[in-house]
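Peer 1: Right, I'll just put the structure down here and ask away after.
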Amino acid sequence: MCGIVGAVAERNITPILLEGLKRLEYRGYDSAGVAVFTNAGKLERMRRPGKVSELEQALAGEPLVGRLGIAHTRWATHGAPCERNAHPHFSGDLAVVHNGIIENHEVLREQLKGLGYVFTSDTDTEVIAHLLNHKLKDLGDLTVALKATVKELHGAYGLAVVSASQPDRVVAARSGSPLVIGLGLGENFLASDQLALRQVTDRFMYLEEGDIADIRRESVAIWDVNGQSVEREAVQYRDGAEAADKGEYRHFMLKEIHEQPAVVQRTLEGRLSQNQVLVNAFGPQAAELFARVRNVQIVACGTSYHAGMVARYWLEELAGIPCQVEVASEFRYRKVVVQPDTLFVTISQSGETADTLAALRNAKELGFLASLAICNVSISSLVRESDLTLLTQAGREIGVASTKAFTTQLVGLLLLTLSLGQVRGTLAEGVEATLVEELRRLPTRLGEALAMDSTVEKVAELFADKNHTLFLGRGAQYPVAMEGSLKLKEISYIHAEAYPAGELKHGPLALVDDDMPVVTVAPNNELLEKLKSNLQEVRARGGQLVVFADEKAGMTNGEGTHVINMPHINDTLSPILYTIPLQLLSYYVAVLKGTDVDQPRNLAKSVTVE
Ligand code: F6R
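What the sequence shown shows, in numbering that gives the first Met the number 0, is residues 0 to 609, in sequence order.
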């Protein structure tokens with residue numbers, strides 16, 4: 000959500016701030032702004048609604064040149080996405096950018112109004128600017144004033160501040176929203192994600208919860224949540240520089256869909272022996288812990304939640320372990336009963352999703368056996384705070400709609416299922432060896448599914464003028480249908496619902512007519528015949544069917560029925576394979592509709608607010 004960049008240097012920092020914003024734009028893109036302490040000795044800002052390119056254009060016309068500054072790209076929470084709500088927010092001669100939500104902003108706003116402060120925006124952030132300004136008058140030092148200010152804030156924040164009265168520093172505070180300091184030579188930087196600063200440095204210092212930082216050209220000072228001066232380790236960025244470029248593809252989403260064979264391969268690397276999963280892929284203490292697991296509780300959001308729903312079928316069917324799956328925003332506020340010896344599993348691409356992180360933190364108080372994160376970002380809060388981790392190796396995902404993160408999560412969850420079953424001795428004879436072999440073949444199968452690209456593109460035409468769609472699946476294909484419907488609504492803005500196919504006649508069938516296409520995934524398994532009956536129910540009501548069916552399922556094209564044959568695959572792995580055509584379908588429908596595929600309206604990558 001939102002992106003922050005800050006810099007203090009000897010050179011003009013505006014191009015650095017702008018480049019950082021462009022790199023963060025996939026996280027929020029309602030509006031963007033910079034505040035620069037210019038060489039004329041004044042704190043000046045430029046803000047624009049819309050994308051960073053609008054801001055860049057404005058700055059080309061009226062350049063801001065200076066050696067100290069902060070910048071922000073916004074995903075609106077309080078106040079519409081317009082110029083006056085865009086960050087940075089000013090109070091007197093200081094400027095603030097903020098990620099997160101201040102929950103007590105209304106009370107503070109009233110108090111500050113009473114003190115004579117005039118508000119020019121509808122944001123919660125402006126409250127921070129005025130409160131800090133007020134404290135600064137008494138306390139004199141910007142860092143000291145920031146420490147006093149955050150004591151009065153309830154909620155989540157990553158903050159960066161500059162002031163014309165102390166133009167030698169950027170000050171920052173982290174609580175519930177990540178911040179990283181980029182270390183340079185005679186210059187230092189700040190960002191909400193190190194990605195924003197890869198152009199200027201590869202050395203980073205990660206702020207921890209409750210930290211306050213004073214960042215100057217030649218020094219960085221940090222205080223922890225108790226106000227104690229602390230050192231945070233400086234680390235060299237290890238994950239390799241991943242260029243944010245689309246290569247031969249029109250959109251990041253399409254590139255990321257096509258990367259799936261390679262990233263699945265990478266996620267498997269070093270984690271399989273000849274015919275077994277290497278349990279220590281989850282950490283050296285995993286085998287001992289897994290032997291004690293009697294239940295699994297999975298918690299995640301959005302696409303990652305759908306991965307968890309697939310895993311429940313695997314964990315119960317293959318490893319015989321009872322499993323519960325819940326969306327994090329519900330789990331975190333519910334009084335849960337924890338069964339003895341329950342492993343708490345979180346799934347997240349970013350590892351910074353506020354609800355998932357909060358659920359993990361709550362879980363630590365609830366008596367779970369241990370926590371395990373399946374995550375794509377090695378330096379994320381979720382990874383740092385979990386007992387065990389399995390890193391998916393999807394690489395950076397830029398498209399806001401998650402694709403390769405999902406399939407690599409599924410691979411990670413199948414490895415978890417097999418590891419738990421192996422250690423606990425609950426797998427049926429031969430299952431692990433068969434699935435290990437199938438996993439090795441999976442990248443090739445995914446490549447075959449991707450080769451259907453142009454067939455799916457053709458089918459997409461059926462949807463371009465529709466307003467509603469149903470997705471149906473049975474068994475582990477039900478969450479695949481849910482994921483397919485989420486993808487379609489996210490990027491094409493077509494209303495889509497997913498149902499277990501057997502539920503159709505209990506209500507949703509009433510919606511079916513020739514304006515409501517029905518998409519179904521039909522692998523060749525024991526539920527196929529039942530699914531075929533459900534499809535008849537749709538056809539009898541004039542519904543158009545699009546069926547992704549196993550080549551051996553014996554399904555053929557007919558009037559109103561469009562069958563797309565899928566390569567045959569082991570049933571356990573079919574949710575991973577059948578996800579691919581649904582991703583492609585959403586993509587091509589969105590392209591036909593002309594939407595912003597990589598940055599769909601109202602959404603943001605990495606939801607770091609509640
Ligand atoms: C959908 C999507 C979101 C995320 C959700 C959780 O395409 O991307 O639904 O899956 O916001 O994000 P992570 O996995 O980063 O916790």
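We put the CB at the ideal spot given by N, CA and C, even for glycine.
#1: How do the region 245–256 and the region 267–279 stand: do at least 3 beta-carbon pairs fall below 8 Å, yes or no?
#2: Do you know how far the Cα of V95 is from the Cα of K146?
#3: If I measure Cβ to Cβ from Q323 and keep anything under 6 Å in the same chain, skipping five residues before and after, which residues do I get?
#4: According to DSSP, is A240 helix, strand or coil?
#5: Using the Cα positions of L184 and A31, report the straight-line distance between them to the nearest angstrom.
#6: Can you tell which of D29, Y28, V51 has the C-alpha that lies nearest to the C-alpha of T13?
#7: Could you have a look at T416 and say whether DSSP puts it in helix, strand or coil?
#8: The beta strand (DSSP E) spanning P478 covers which residue range?
#9: Where do the ends of the beta strand (DSSP E) carrying P580 lie?
#10: Could you tell me which of G506, V106, E208 sits nearest to E536, measuring between CA atoms?
#11: Using the DSSP secondary-structure output, state which residues sit across from N187 in a beta bridge.
#12: DSSP on P599, reduced to helix/strand/coil?
#13: Does T425 pass the burial test, meaning 16 or more other C-beta atoms within 10 Å, or should it be called exposed?
#14: Please go through the region 237–319 and give each complete beta strand (DSSP E) segment of 3 or more residues, from N-terminal end onward.
#15: What would DSSP say about R440, mapped onto helix, strand or coil?
#16: For the putative contact between L455 and Y312, defined by C-beta atoms under 8 Å, what is the C-beta separation to the nearest angstrom?
#17: Can you tell me the Cα-Cα spacing of T345 and L371, whole angstroms?
#18: At a cut-off of 8 Å, would you count E489 as near the ligand F6R, judging by its Cβ distance to the nearest heavy atom?
#19: State the DSSP-derived secondary structure class of N660, mapped to helix, strand or coil.
#20: What residues in its chain sit with their C-beta under 8 Å from that of N569, if we drop five residues either side in the sequence?
#21: Counting pairs of Cβ atoms below 8 Å between the region 362–370 and the region 380–399, do you hit three or more?
#22: Using a threshold of 8 Å, is the CB atom of A299 nearer than that to any non-hydrogen atom of the ligand F6R?
#23: At what residues does the beta strand (DSSP E) containing A34 begin and finish?
#24: Report the three-state DSSP secondary structure of D340 (helix, strand or coil).
#25: How many Å lie between A240 and L196 at the Cα?
#26: Going by the CB atoms, is the gap between G154 and E109 shorter than 9 Å?
#27: Is it buried or exposed for D192, if we count other Cβ within 10 angstroms and need 16 for buried?
#28: For A327 versus T352, is the C-beta distance shorter than 9 Å?
#29: Sort out for me which residues DSSP pairs H494 with in a bridge.
#30: Exposed or buried, which one is Y205 when buried takes at least 16 other CB atoms within 10 Å?
#31: Hey, is the region 223–233 in contact with the region 352–366, meaning 3+ C-beta pairs nearer than 8 Å?
#32: If you drop the 5 nearest sequence neighbours on each side, which residues of the same chain put their C-beta closer than 6 Å to that of C1?
#33: At the level of alpha carbons, what is the spacing between S605 and A539?
#34: Any idea what DSSP makes of E396, helix, strand or coil?
#35: What residues match up with V376 in a beta bridge as DSSP calls it?
Peer 2: Taking the definition as stated:
#1: no
#2: Taking the first residue of the sequence shown as 1, we reach residue 146 at position 147. Taking the first residue of the sequence shown as 1, we reach residue 95 at position 96. Cα-Cα distance, rounded: 14 Å.
#3: For this step, residue 323 is matched to residue 324 along the sequence shown. Excluding residues within five positions, the ones whose Cβ falls inside 6 Å are Q296.
#4: Residue mapping note: residue 240 aligns to position 241 of the sequence shown, counting from 1. Confidence in A240 is poor, its pLDDT being 47 and thus under 50, which makes the residue's placement unreliable; the coordinate value appears in the next sentence. Correct three-state label for A240: coil.
#5: Taking the sequence shown and counting its residues from 1, the one referred to as residue 184 is at position 185. Taking the sequence shown and counting its residues from 1, the one referred to as residue 31 is at position 32. L184 and A31: Cα-Cα distance of roughly 28 Å.
#6: Residue numbering aside, residue 13 sits at position 14 when the sequence shown is read from its first letter. Nearest option by C-alpha distance: V51.
#7: Within the sequence shown, numbered from 1, the residue matching residue 416 stands at position 417. Reduced to three states, the DSSP call for T416 is helix.
#8: Here the question's residue 478 lines up with position 479 in the sequence shown. P478 -> not in any beta strand (DSSP E); alpha helix (DSSP H) instead, spanning 476–491.
#9: If you number the sequence shown from 1, residue 580 lands on position 581. From DSSP, P580 is part of no beta strand (DSSP E) but of the alpha helix (DSSP H) over 573–592.
#10: Working through the sequence shown from its first residue, we reach residue 536 at position 537. When only C-alpha atoms are compared, the closest one is G506.
#11: Counting from one through the sequence shown, the residue named residue 187 turns up at place 188. Paired residues: V7, L182.
#12: Within the sequence shown, numbered from 1, the residue matching residue 599 stands at position 600. Coil.
#13: In the sequence shown, counting from the first residue as 1, residue 425 sits at position 426. Its Cβ having fewer than 16 others within 10 Å, T425 is exposed.
#14: 294–299
#15: Within the sequence shown, the letter at position 441 stands for residue 440. In the structure shown, R440 sits in a helix (DSSP, three-state: H, G or I).
#16: Residue numbering aside, residue 455 sits at position 456 when the sequence shown is read from its first letter. Residue numbering aside, residue 312 sits at position 313 when the sequence shown is read from its first letter. It is Val, not Leu, that sits at residue 455 in the sequence shown. With 8 Å as the limit, V455 and Y312 do not qualify as a contact, their Cβ atoms being about 25 Å apart.
#17: Walking along the sequence shown from the start, residue 345 turns up at place 346. Walking along the sequence shown from the start, residue 371 turns up at place 372. Taking the straight line joining both Cα atoms gives about 6 Å.
#18: Taking the first residue of the sequence shown as 1, we reach residue 489 at position 490. Answer for E489: yes, Cβ within range of the ligand F6R.
#19: Here the chain has residues from 0 to 609 only, and residue 660 is not among them.
#20: Numbered from its first residue, the sequence shown carries residue 569 at position 570. These residues qualify, in order along the chain: T433, L434, E437.
#21: yes
#22: Walking along the sequence shown from the start, residue 299 turns up at place 300. A299: yes, Cβ under 8 Å from the ligand F6R.
#23: Your numbering for residue 34 matches position 35 in the sequence shown. 30–37 is the extent of the beta strand (DSSP E) around A34.
#24: Looking up residue 340 in the sequence shown gives position 341. Correct three-state label for D340: coil.
#25: In the sequence shown, the residue the question calls residue 240 occupies position 241. In the sequence shown, the residue the question calls residue 196 occupies position 197. Caution applies to A240, whose pLDDT of 47 falls short of 50 and renders its modelled position unreliable; the value that the coordinates give is listed next. Roughly 11 Å between the two C-alpha positions.
#26: The residue given as residue 109 occupies position 110 in the sequence shown. The residue given as residue 154 occupies position 155 in the sequence shown. Taking 9 Å as the Cβ cut-off, E109 and G154 do not qualify as a contacting pair.
#27: The residue given as residue 192 occupies position 193 in the sequence shown. D192 should be labelled buried.
#28: Your numbering for residue 327 matches position 328 in the sequence shown. Your numbering for residue 352 matches position 353 in the sequence shown. For A327 and T352, yes; Cβs fall inside 9 Å.
#29: By 1-based counting over the sequence shown, the position of residue 494 is 495. According to DSSP, which records beta bridges pairwise, H494 is partnered with H467.
#30: The count along the sequence shown starts at 1 and reaches residue 205 at position 206. Per the 10 Å Cβ criterion, buried.
#31: no
#32: As a first step, residue 1 must be located in the sequence shown, where it is residue number 2. Only G27, R73, W74, N98 meet the Cβ criterion.
#33: Mapped onto the sequence shown, residue 605 falls at position 606. Mapped onto the sequence shown, residue 539 falls at position 540. When rounded, the distance between both Cα atoms is 43 Å.
#34: For the purposes of this step, residue 396 is taken as residue 397 along the sequence shown, with counting starting at 1. Three-state result, E396: coil.
#35: Taking the sequence shown and counting its residues from 1, one reaches residue 376 at position 377. The partner list for V376 (beta bridge, DSSP) is empty, contrary to what the question assumes.
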